[in-house]
Structures are given as structure tokens and as C-alpha cells.
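A quick write-up on the structure given underneath.
There are 2 protein chains.
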Amino acid sequence: MTPEEFRKLGHALVDWVADYRERLPSLPVMSPVAPGAIRARFPAEPPAEGGRLAEAIAALDDAILPGITHWNHPAFFAYFPSNTSLASVLGDLVAAGLGAQGMSWQTSPAATEVEEVVMGWIRRMIGLPPELVGVVQDTASTSTLTALLCARERASGFSQNGAGLQAGAAPLVVYASDQAHSSIEKAALLAGFGKAHLRLVGTDDAHALRLDLLERAVAEDLARGNRPCALVAATGTTSTTALDPVAGMAELAERHGMWLHVDAALAGTAMVLPECRWMWAGVERADSIVFNPHKWMGIGFDFSAYFVRDPQHLVRVMSTNPSYLRTAHDAVVNNFRDWGIPLGRRFRALKGWFHLVDEGVIAMQARIRRDLANAQWLKEQVDATTGWERLAPVPLQTLCLRHVPGGALDERALAEHNLGIARRVNDGGRAYVTPSVLKGKQMIRVSIGATGTERADVERVWAELREAAGRR
Amino acid sequence: MTPEEFRKLGHALVDWVADYRERLPSLPVMSPVAPGAIRARFPAEPPAEGGRLAEAIAALDDAILPGITHWNHPAFFAYFPSNTSLASVLGDLVAAGLGAQGMSWQTSPAATEVEEVVMGWIRRMIGLPPELVGVVQDTASTSTLTALLCARERASGFSQNGAGLQAGAAPLVVYASDQAHSSIEKAALLAGFGKAHLRLVGTDDAHALRLDLLERAVAEDLARGNRPCALVAATGTTSTTALDPVAGMAELAERHGMWLHVDAALAGTAMVLPECRWMWAGVERADSIVFNPHKWMGIGFDFSAYFVRDPQHLVRVMSTNPSYLRTAHDAVVNNFRDWGIPLGRRFRALKGWFHLVDEGVIAMQARIRRDLANAQWLKEQVDATTGWERLAPVPLQTLCLRHVPGGALDERALAEHNLGIARRVNDGGRAYVTPSVLKGKQMIRVSIGATGTERADVERVWAELREAAGRR
Numbered sequence: 007m008t009p010e011e012f013r014k015l016g017h018a019l020v021d022w023v024a025d026y027r028e029r030l031p032s033l034p035v036m037s038p039v040a041p042g043a044i045r046a047r048f049p050a051e052p053p054a055e056g057g058r059l060a061e062a063i064a065a066l067d068d069a070i071l072p073g074i075t076h077w078n079h080p081a082f083f084a085y086f087p088s089n090t091s092l093a094s095v096l097g098d099l100v101a102a103g104l105g106a107q108g109m110s111w112q113t114s115p116a117a118t119e120v121e122e123v124v125m126g127w128i129r130r131m132i133g134l135p136p137e138l139v140g141v142v143q144d145t146a147s148t149s150t151l152t153a154l155l156c157a158r159e160r161a162s163g164f165s166q167n168g169a170g171l172q173a174g175a176a177p178l179v180v181y182a183s184d185q186a187h188s189s190i191e192k193a194a195l196l197a198g199f200g201k202a203h204l205r206l207v208g209t210d211d212a213h214a215l216r217l218d219l220l221e222r223a224v225a226e227d228l229a230r231g232n233r234p235c236a237l238v239a240a241t242g243t244t245s246t247t248a249l250d251p252v253a254g255m256a257e258l259a260e261r262h263g264m265w266l267h268v269d270a271a272l273a274g275t276a277m278v279l280p281e282c283r284w285m286w287a288g289v290e291r292a293d294s295i296v297f298n299p300h301k302w303m304g305i306g307f308d309f310s311a312y313f314v315r316d317p318q319h320l321v322r323v324m325s326t327n328p329s330y331l332r333t334a335h336d337a338v339v340n341n342f343r344d345w346g347i348p349l350g351r352r353f354r355a356l357k358g359w360f361h362l363v364d365e366g367v368i369a370m371q372a373r374i375r376r377d378l379a380n381a382q383w384l385k386e387q388v389d390a391t392t393g394w395e396r397l398a399p400v401p402l403q404t405l406c407l408r409h410v411p412g413g414a415l416d417e418r419a420l421a422e423h424n425l426g427i428a429r430r431v432n433d434g435g436r437a438y439v440t441p442s443v444l445k446g447k448q449m450i451r452v453s454i455g456a457t458g459t460e461r462a463d464v465e466r467v468w469a470e471l472r473e474a475a476g477r478r
Numbered sequence: 007m008t009p010e011e012f013r014k015l016g017h018a019l020v021d022w023v024a025d026y027r028e029r030l031p032s033l034p035v036m037s038p039v040a041p042g043a044i045r046a047r048f049p050a051e052p053p054a055e056g057g058r059l060a061e062a063i064a065a066l067d068d069a070i071l072p073g074i075t076h077w078n079h080p081a082f083f084a085y086f087p088s089n090t091s092l093a094s095v096l097g098d099l100v101a102a103g104l105g106a107q108g109m110s111w112q113t114s115p116a117a118t119e120v121e122e123v124v125m126g127w128i129r130r131m132i133g134l135p136p137e138l139v140g141v142v143q144d145t146a147s148t149s150t151l152t153a154l155l156c157a158r159e160r161a162s163g164f165s166q167n168g169a170g171l172q173a174g175a176a177p178l179v180v181y182a183s184d185q186a187h188s189s190i191e192k193a194a195l196l197a198g199f200g201k202a203h204l205r206l207v208g209t210d211d212a213h214a215l216r217l218d219l220l221e222r223a224v225a226e227d228l229a230r231g232n233r234p235c236a237l238v239a240a241t242g243t244t245s246t247t248a249l250d251p252v253a254g255m256a257e258l259a260e261r262h263g264m265w266l267h268v269d270a271a272l273a274g275t276a277m278v279l280p281e282c283r284w285m286w287a288g289v290e291r292a293d294s295i296v297f298n299p300h301k302w303m304g305i306g307f308d309f310s311a312y313f314v315r316d317p318q319h320l321v322r323v324m325s326t327n328p329s330y331l332r333t334a335h336d337a338v339v340n341n342f343r344d345w346g347i348p349l350g351r352r353f354r355a356l357k358g359w360f361h362l363v364d365e366g367v368i369a370m371q372a373r374i375r376r377d378l379a380n381a382q383w384l385k386e387q388v389d390a391t392t393g394w395e396r397l398a399p400v401p402l403q404t405l406c407l408r409h410v411p412g413g414a415l416d417e418r419a420l421a422e423h424n425l426g427i428a429r430r431v432n433d434g435g436r437a438y439v440t441p442s443v444l445k446g447k448q449m450i451r452v453s454i455g456a457t458g459t460e461r462a463d464v465e466r467v468w469a470e471l472r473e474a475a476g477r478r
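Listed below in C-alpha cells is the structure:
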């Protein structure tokens, strides 16, 4: 493709994206296609002749769009907000156009240094002290795996340089709450700790980790000859946005030399509001923190912010230093290839830069406060409406609801009923919510925070839910 | 930002990217900036007020471009080709604009199904049988870590569900050649095997793994009571594009129940040419294969192709299944979140689709053949020129050279001399090559394969090298 053809098709696609965002509210939120329907529109054989991109672009509306679940839709209340601002889209366009590799400083100094700048901005925005240094990872899953690998190596005196975890030493143990995200179990298993050395500690009525049970679990492990290695604290669990007691966990971590990792994947964005920072009080004592600006903050996926207290430890765990990657500047620059698992790195800081200068901190704070207020409004409606039950506090923007109709229904029937409500709402296409299970109870999660979501949209999903509860 | 503002800025940025690609040949290939120079152009404080994106865009030429090393430049001969075709840029624009999440089938069915289609196309293009099923990962580093985790779990009977690697069983051992990429050591260490259980086996004069030494190493481990677990075969090492004996390694792997992982990160693209497939004969017996379409093939970074024989095993190692991610279709669809480490996934298949329909297989084959012919041409020049030495065969597109001037220089002086040549070429800005060390010898790697690189560009880098060798 020549640059001239690129201009023509590029202009058309910019307009296509703009049109798409304009007509978003009219599209069904959840994709209605059946399995295999999108795949069936493509040939199995690769194209022998080229030159067919214009044809592919013309097919976007028919072949692709029906298969998209619209995460930027104002009626998207499922999973978690995953906003991709239009400024961020433009940043990705430039990053792709440059095609720069950010694995080492020298392979494109701007990729490294703009990342340093943007991560510094984000650190200040969420009120973390300068001892915590940031780097971009792809996801919280990868960030948490990175944290547990660093914890493992610190606790084992760099076993990776010896027999690894295969040395038969006293087993290292990882602790998190029974509400911790699945990525914590996954990371512990991939890092080789083994499920037998992962303790999922019980939670209180607000679904936050119980410090007394954690202390007891640590004491039991010590008594058994195991070695407490890492604690994962959730600031805003995925299920209910529960807030683990970070300060108390930091205290315990320090007492036993454990690594403290704070998972604020969604809630980190709320820390742009000073009035929310009590939620993770003590966070400055963590060894590592992850939050995802690609969720509520609006920087397009993937952009996960990972902050560490000791970057040299991270580098020691992750570094490889083959001769062909060495450069004259290595002593005075950061080579971010050594700050995570992948070697190659995209210029992701560009979209962060574009998003932040376009929205600005003040407007972002107003948007987050709007979402928090919308969640409080919905909470009040639920609490005031007979037949509806709220299963968790609402410190942030997620509501955990279920409908309990008149007549004595058992848990199984209640589950069927609420799954039916969620299904009817989602199939209707005018809103998208997530059915989930909380401590054995089937619930419906309503997660507020798409950039386009206004009070009227929240009123509408509430009406949809009530209506779906009536149609049994 | 409104869609209307997006249209305006988007058109301007499409033109900026087109202009950038047009003027690429006139830019210095390697960024000439000093450490800190880019960072110094940004404020340390985040922007309080928004609305400053137009300003950021206007600053691209001055603030960012000097800090870019131009990987798509026709005189880029460093590291490895990392082409980002303009069609791929357009695919990324659409993917960002949609902002879709591909973690589960239901979270955007098109993301999953187009990935299935595109990975099917790529599998056919490189001649792999249908038993090997593909999925997109971010990098070969992550793919190789995934492979070694799967190998670990197969060999240990799913230790992750028990005591992990902390069970004190007979240690598992990983084998690769002493020319294997640094990501293999990194993956083995991160997966917990420990350096003590990684065997980097010696290589022959062509820098390929010696099967006899591998057999001996396996026998020694068995005699010691260790358990051979995984073999990594390189098809095209990073340093010299050496070709490990895949068929012989497959034979050994089968005999001892070891996992065979084939790392063809760069060379996989050459397999689009049937005449190159002898290079990885036996590959159909591998348990897993990685190659990077984001290198020579032209799909923009990050797009690493990971093929596995047994996707169910991969899913069993990687799966998490929390209630809020379960959907009604799970039995009949692929949920790619369970095929790798990260949970969230971008719609990367879009750029693959766009690139492949734009270039087509026939034109891609012609381009790869052009690059191979250019490498052979340069090889002939080197071999015919007094004072130049070639340190490795040239099966693909990478040349390993050094200049040996008259007069008896020791290795140290030769290294200084060749580092000087590389530095002078790179600082000159008209070409970019990589200094590296091969078995104690300082060399200069010339890696051919940027999409824009024609014979005249290869003639020019050869002239630059000879001229720099003369200026001492």
C-alpha cells in the first residue's frame, strides 16, 4: 500500500470510527450473533492475491460489527468499564504508524521517556509517593504474575539462579482473600507456588479480607514450617469492589517479611479523587501496586500501570542481557524490556499522553464523581424498592443486586429467576449487565462507568431490570 | 472529544503518518538524541486542564520524532525486521476505535472468530498441519514462557494443583542450544525450573545445536535422577539464524516424553516459501511452535503466533473460570483468555486480516524471496572482499560479519575496531546495524528485511561498512 492509498483509506476509516461512536447508542450492547456466524463469512484459505483491503473495509459493517459487544456503549454495565477515549484511539494510530519498538531505550528513546513521563503523571494523579516507580504492563494478570515472581525470588534468595523452586526448601505461601480476582490464583499457580500453598482467606460481611483470619493463617503456616511469602490486597474486588484492609496487611507483611501487592485494577482510577484515597490507606507501604488505566480512566486497552518500590529488584528478576541488546547508554537509561515478561514493547505511552492532555485531571475528576453519584442514586432506588436486595456495600460504582419475588423461593429458584432477568435484559440489547455468583447467591452486577453513561442511562437500566423481573 | 473533533484530528494524523512514511528515507535511522532529551520536553505535573491534544499533535515532529529509531526505514538493518505495514496500521485504528475486549467469546465474538480465521490462514501459509491450532500472543517471550509452563505441568502431572514445584520431586530439566534466545533462559527461570536445571547445549560450526551433545546431556540427567522435561529448538537463532535439527530433536523428545517447543520467531515468515520448509523439517511433531508475524511478515507489533498440538492442555494450565466470566456458549466456543497469561485481549486479529488481504500470499512470497536474494548478494560481496570475514552461514536474511584489517590484531583490538565501524555507521544515520558477540568474537550483524529495503539499500549499507572500516 502506498502512502497515498493509506491517506484515502485512512480518512475513510477515521470517519467510520467517528460514525461508529456517534451511532453507538442505537446499537445492541451485547453482540447477538450465534457461535460461528462471524467465522462463516470468511474463506478458510488465505488470500493469494492482495489488493483487497478496500473490500475488507467495506465489509466492516456487515461482517464485523454484528460480532462486537460495545464496551464504549452508554448502556454498558457489564464486567467493568473499559473505556477507550477517542484521544487514545488517535494515540494508537500514531504509535502504529511509527511502528517503533520500545524494548530498549536505544530502540526508540521516545517510547521509554514518554512512558516515564506519563507514568509519573499517573503516579501523581493517584497520590502515590515518588518512591513508587511506574511501568506499563499489558494487563493486571501479567502485573500480578510479575509481582508474585518478584516475591518468590526475594523470599528464596534468588532461587532462579540455583535450583529454582525445585530445591525442596520450606514451601513459600501466598495469601489473598476468597474474593480475590482469578488472576491471583492463576499467577500463584503459574509461578509454581502450587494451589496447596495459596491461602484464600475468609472475608467479612462487606466481603473484605478478615485480618484476624489472615493472621491465623500465617501463624499456622509458620507453625507447619512453611514460609509466608506474599500478600495480595484488593482495593476494590472484581465481584463487589470490596476494600481489603491495606494498612493492617502492610503491618503484617512487614512483621513477617512478606511481599505486599495491592490489586486496584478497577479502583485505582478512583484515587484521582482525594476523597477516595482512604480506601487504600497504607498503600504507600506496598512493594507493588497494579491498576488499569485501560478500565475506568479511559486510556485504551492494553495499558496496565504497575508501580514498584524497588525497580532494581524487578530488573534483577526479569533481566536478560544478551550482547546484541547492549548499548553504550545502558548505565544511564531505563531498558523497559527488563521490567516485565515480554521483550518487545509497543509505544503505549503515546495513547496515555494523548488521553491525559485531552481530558485533563479536573474533567476526569468530574467524570469519576458523576459515576460515583450515579451508583449512589441507583443504590437508593434499589434500597427503596420492595423485592430487590442489595448484596454488598457500594463504595465505588458497582452494584450487586438480586430480585427476590414474593413467595418462598429456594436459592436454586432464585438463581434461575435472576439469571433469567439478566438474560432478558442482555438479549434485549438496550443494556448489558453481568450475572455472577457471590458466596453462593446468584446476583446481577451493574458496573457503572462507561464514559458516555449519564444519569438517564442508569435510570434506563434500572427500568429494564425491573421490567425484566416482572416478565417471568 | 466529540466525534467531530476526532474526525478533524484523525484526518490530520492519517496525513501525518502518510507524510512520515514518505519521508522515512530522509531521516536518520537510529535516533540521535541524548538520554533525557525527550523527557525534558514534558512537564513533570499532569495536565490539570484538558483540551490540549491539538498542541500535543503539533509537537509530534519536534518532541517525539527525534526520539524515534525508525524500524520501517529502508536502511534499518539492526536487530530483526519489525515491519508495520500501512494496512496493519489501519487495522489497529479500527481495533482501537471499536475498543472491544476479546477475553471471552461473548465479550466480542468477532474478536475470537476473526482470530481463528487469521490464525488458520497463517497456519496454511507456513505449511503446518491442521492438528496445530493457533492463538495470538504478544511476544515470543510470552509464548515460550507459556510453552515451558505447559511442559512443566505435563511432566509434573499438574503440580500446580498440588504443591507446585515445591514438592521436592525429581527436578525437571529444560534443554536448548547455547545460541538460544535470551527469552528461553528467562522463561525457564520465571517458570521456576532454576538455572541449575537449564542445559545450554553446545553447537556446531554452523551454530546449530549438536544432537550428540544433547543426547549426552539427557543421558547424564537421567543418570543423576533428574527428569528431562522440555526441549527448545531454534529455527533461525537470533544471532546467526542457525537451524537446529528439529527432526532429530523431535525423535529424542518422543523417546523421553519431553515437550518440544520450536522457536522460529523470525524465520517462521520464511516458511511461506515452500523451498524454505526443509529448514524446520520435523516441525509437525512439535508440541508448540512460536513465530512472530510482527517481524518479517509485516503485521504490526504485537502479534506473535503460537501454535499448539493440544489446546485442551493449554487451557487446563491457563484456565480460570470465575462465575462472572461464565456464559451460556462456553461449551461451543473458544475463550481465548484461557489460552495465555493475560485475561484481557485486544482485537489484534483485525490488523492481521487487513495486512493479509492487502499484501496477499503471492506478493509476500516475492518480497521474502527478494530479501533472501539480497542477503545472498551481500554474502557474495563479503566473501569476495579482502579483509572481511563472515562468521556464519546465510540460510536466511542475516549476515554476521567482521572486518579484519591487515596487521596482526588480537581479539580485543579486533573487537574495538568492529565496534568502531558499527558506531560510525549508526551515528552517521544513513544505516543502522547491530554490533554483537558470537562465541567470543565481536561481529556486526546485518539483518535484511524491512519492507522498503531494495537492492540499492543493501549496496549502500555495504558501502557504508567498507567506508567506516577505512576511517579508523
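Listed in order, the protein sequences are those of chains A and B. When we follow the numbering used here, the leftmost residue of the first sequence carries the number 7, and every step to the right adds one. When we follow the numbering used here, the leftmost residue of the second sequence carries the number 7, and every step to the right adds one. Glycine included, each C-beta is placed from N, C-alpha and C at the ideal position. Small disclaimer: the values here were computed from a predicted structure and weren't measured.
(request) From the DSSP output, in three-state form, read off A:L178 for me. (result) strand
(request) Pick out whichever of A:Q403, A:W77 and A:F83 has its Cα sitting closest to the Cα of A:S91. (result) A:W77
(request) Let me know if A:L249 comes out buried or exposed under the rule of 16 or more other beta-carbons within 10 Å of its beta-carbon. (result) buried
(message) On the DSSP bridge list, what partners appear for A:E473?
(response) DSSP lists no partner for A:E473.
(message) Helix, strand or coil for A:Y330? Go by DSSP, reduced to three states.
(response) helix
(message) What does the Cβ neighbour count give for A:N424, buried or exposed, with the cut at 16 atoms within 10 Å?
(response) buried
(message) Can you tell me which residues form a DSSP beta bridge with B:F82?
(response) B:Y438
(message) I want to see whether chain B comes within less than 8 Å of A:Y312, judged by CB atoms only; does it?
(response) no
(request) Give the secondary structure of A:H300 by DSSP, where H, G and I count as helix, E and B as strand, and everything else as coil. (result) helix
(request) May I ask which residues mark the beginning and end of the beta strand (DSSP E) holding A:Q387? (result) Per DSSP, A:Q387 belongs to no beta strand (DSSP E); it is in the alpha helix (DSSP H), V367 to A390.
(message) Strictly below 7 Å CB to CB, what residues from chain A border B:T145?
(response) P348, L349 and G350
(message) If distances are taken between C-alpha atoms only, which option among B:F83, B:L99, B:P34 and B:E55 comes closest to A:L15?
(response) B:L99
(request) For A:R410, I'd like the list of residues in its chain whose CB is within less than 7 Å of its CB, leaving aside the five on either flank, ordered along the chain. (result) It should be pointed out that residue 410 of chain A corresponds to Val in this sequence rather than to Arg. Counting only Cβ-Cβ distances below 7 Å, and skipping sequence neighbours, we find G393, E395 and L420.
(request) State whether the segment 108-117 of chain A contacts the segment 337-351 of chain A, with contact taken as three or more CB pairs (one from each stretch) at a distance under 8 Å. (result) yes
(request) State yes or no: is the beta carbon of A:F484 nearer than 8 Å to at least one beta carbon in chain B? (result) Missing from the structure shown is residue 484 of chain A; chain A here goes from 7 to 478 and no further.
(request) Less than 8 Å between the CB atoms is what I'm expecting for A:G174 and B:G170, so what's the real figure, rounded? (result) Not a contact, Cβ separation roughly 12 Å.
(message) Between A:A236, A:T457, A:A292 and A:G263, which has its C-alpha nearest A:P136's C-alpha?
(response) A:A292
(message) Alpha carbons only, please: which of A:F297, A:I374 and A:P72 is nearest the one belonging to A:A240?
(response) A:F297
(message) Along the chain, where does the alpha helix (DSSP H) containing A:R29 start, and where does it finish?
(response) P9 to R29
(request) Measure from the alpha carbon of B:D210 to the alpha carbon of each residue in B:A69, B:T246, B:F309 and B:S165, then state which is nearest. (result) B:T246
(message) If contacts are defined as beta-carbon pairs under 8 Å, then A:G198 and B:A197 qualify, I think. What distance do you get, rounded to the angstrom?
(response) 7 Å
(request) Following the continuous beta strand (DSSP E) through A:A240, name the residue where it begins and the one where it ends. (result) R233 to A240
(message) If you measure between the beta carbons of B:G304 and B:S94, is that distance less than 8 Å?
(response) yes
(request) Taking B:L178 as the query, report the chain A residues whose CB atoms sit under 8 Å from its CB, ordered along the chain. (result) Q172
(request) Could you have a look at A:K447 and say whether DSSP puts it in helix, strand or coil? (result) strand
(message) On a Cα-Cα basis, can you pick out the residue from B:R205, B:P34 and B:F12 that is closest to B:L483?
(response) The requested residue 483 of chain B is not part of the displayed model; chain B covers only 7 to 478.
(message) Let me check one thing: in DSSP terms, what residues is B:A311 bridge-paired to?
(response) B:V142 and B:F297
(request) Report all residues from its chain with a CB closer than 6 Å to the CB of B:M125; omit the five preceding and five following residues, and keep chain order. (result) G140
(message) What residue range does the beta strand (DSSP E) around A:D269 cover?
(response) W265 to D269
(message) In this structure, how does DSSP classify A:R322 when only helix, strand and coil are distinguished?
(response) helix
(message) Could you pull the DSSP bridge partners for B:W77 from this structure?
(response) For B:W77, which the question treats as bridged, DSSP gives no partner whatsoever.
(request) Check the Cβ of A:W265 against every Cβ in chain B and list those closer than 8 Å, keeping chain order. (result) Going along chain B, no residue has its Cβ under 8 Å from A:W265, so there is no contact; the nearest lies around 16 Å.
(message) Rounding to the nearest angstrom, what Cα-Cα distance links B:A146 and A:R354 in this structure?
(response) 19 Å
(message) With three or more C-beta pairs closer than 8 Å as the rule, is the segment 369-379 of chain B touching the segment 271-280 of chain B?
(response) yes
(request) Report buried or exposed for A:P53, applying the criterion of at least 16 other Cβ atoms within 10 angstroms of its Cβ. (result) buried
(request) Using a cut-off of 8 Å between C-beta atoms, extract the partners of B:N380 located in chain A. (result) Per Cβ cutoff of 8 Å: no residues; B:N380 is ~21 Å from chain A at best.
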